[in-house]
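Only one structure is covered here, and it is reproduced in the block below.
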Amino acid sequence: MQELEPLLKGKNMHHNAVRYVTRTTAAAASTLAATATSVAAAALAASIILSPAPDASARMDGVHADLARAVELNQVTPEQAARFEARLAGRILGEA
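Note that our numbering gives residue 440 to position 43 of the sequence shown, counting from 1, and the numbers run on in steps of one.
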């Protein structure tokens, strides 16, 4: 039995080393994936921030289309849509 003890001890150490390498490799891969996701999110945010803002008339066209769709879906009345569009036009276009 004493002859087998060094062999068994060596196998156990080998098993522990394999388990350690497997765990640390998995942890490193997880960290790398999280870093890649963070970099992608930062790139997207930068592209949004650095992209030119749409001009006021393009924004108003979008508001008008959205409100027309809301009226079609009976979410707001045509009168409500008109008042809201006028209020937004004042803010976006700088009108009274």
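Ideal placement from N, C-alpha and C gives every residue a C-beta, glycine not left out.
Item	Value
Neighbour-count burial assignment, A439, 16 or more Cβ in a 10 Å radius	exposed
Own chain partners of L371 with C-beta closer than 6 Å, once the 5 adjacent residues on each side are dropped	Because the chain here runs from 398 to 493, residue 371 falls outside it and cannot be looked at.
Run of the alpha helix (DSSP H) containing P475, from where it starts to where it stops	P475 to L490
Close-in-space but distant-in-sequence residues of the same chain around A453 (CB under 6 Å, 5 per side omitted)	I489 and L490
Alpha-carbon spacing of A443 relative to G487, whole angstroms	29 Å
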